[in-house]
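Undergrad:
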Amino acid sequence: TYEAGVKIPDEAMERLNLRLHQINPKWNYTISPRQVGRKS
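My numbering numbers the first residue of the sequence shown as 728 and each following residue consecutively.
#1: Quick check on the DSSP output: the beta strand (DSSP E) that includes Arg746 runs from which residue to which?
#2: Considering Cα atoms alone, identify which of Glu741, Glu738 and Arg746 is closest to Trp754.
#3: Ends of the beta strand (DSSP E) at Ile750?
#4: Would you kindly work out how many angstroms separate the C-alpha atoms of Met740 and Tyr729, rounded to a whole number?
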């Protein structure tokens, strides 16, 4: 369980790789790994 009412800072949300779904985008989304620099 988690504590209700916990607010995630806007800066942290902007760093997430979220793709909102067309149906109920506030509730339905896909989170994917962030792309980082390639290894040689």
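A virtual CB, placed ideally from N, CA and C, is assigned to each residue, including glycine.
TA: The relevant details are as follows:
#1: Looking at the DSSP string, the run of the beta strand (DSSP E) that includes Arg746 is Asn744 to Leu747.
#2: Nearest Cα to Trp754 within the set Glu741, Glu738 and Arg746: Arg746.
#3: The continuous stretches of beta strand (DSSP E) do not include Ile750, and DSSP gives it neither H nor E.
#4: For Met740 and Tyr729, the distance between alpha carbons rounds to 18 Å.
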